[in-house]
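Enquirer:
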Amino acid sequence: MFETDETLYRRYLTEHKEEDFRILLERHRESLTLFLCSYVRSLEDAEELMLDAYAAAAAGPTVFSGRSSFKTWLFSIGKKLALMHLRKARTSVPLPPAETDGETAELALLRDERDRTLYRALDRLNGDYRQILILLYFERMSHEEAGRVMRKTRKQIYNLAERGRKALKEELERMGFEYARYG
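Here it is as structure tokens:
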């Protein structure tokens, strides 16, 4: 039976079930790390900030009211930590290539190259454009959830998403990426 993040978190807080928190960590650690890496540009720092965000959540809800999802709340904590980190130092480490599951070596190589091209293009975008595209398309957040994480209105989120997609397409084209057009 699949339990929601909110159910697991509430049970962790009330019954102190460590297993519930471990499940939450497994569910969101990679996506939160990727999100934080888009801010701090360092995989090592992003992993540390991810753990800090989970530690803050484990300490108990200072603001979590249940009006947003646990994931949205956790990403908001992570964003605040990343912004504080950026005030102290800036570093850069490229993202690792995506892992493959039983693909042929050639297909895996093509997928890795495509992913690296996409990450390089995303890295060249304005910070807000990069963040909205990651939240919407990598994290599959709704526009409303992304708005809560970024502290933007619904209209601002829709505008950022449209501009971000356009900027990403232009950047990919500048990098020589070709794609098939249908219709």
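The sequence shown begins at 26 in our numbering and counts up by one. All C-beta atoms, glycine included, are put in the ideal place defined by N, C-alpha and C.
Can you tell me whether DSSP reads residue 66 as helix, strand or coil?
Expert: Reduced to three states, the DSSP call for residue 66 is coil.
Enquirer: Given 8 Å as the limit, is there contact between the region 183–198 and the region 141–161, that is, 3 or more CB pairs closer than that?
Expert: Contact between the region 183–198 and the region 141–161 is present, because at least three Cβ pairs lie under 8 Å.
Enquirer: Measuring CB to CB, does residue 4 end up less than 8 Å from residue 192?
Expert: No answer is possible for residue 4: it lies beyond the span of the chain, which begins at 26 and ends at 208.
Enquirer: Would you mind working out which of 197, 75, 82 and 73 sits nearest residue 141, comparing C-alpha positions?
Expert: Comparing Cα positions, the closest option is 197.
Enquirer: Would you mind stating whether residue 102 and residue 81 have Cβ atoms separated by less than 8 Å?
Expert: Result yes, Cβ atoms of residue 102 and residue 81 sit closer than 8 Å.
Enquirer: Consult DSSP for residue 41 and reduce its assignment to one of helix, strand or coil.
Expert: Correct three-state label for residue 41: coil.
Enquirer: Do residue 30 and residue 49 have their beta-carbon atoms positioned less than 8 Å apart in this structure?
Expert: It is a contact, given that the beta carbons lie within the stated cut-off.
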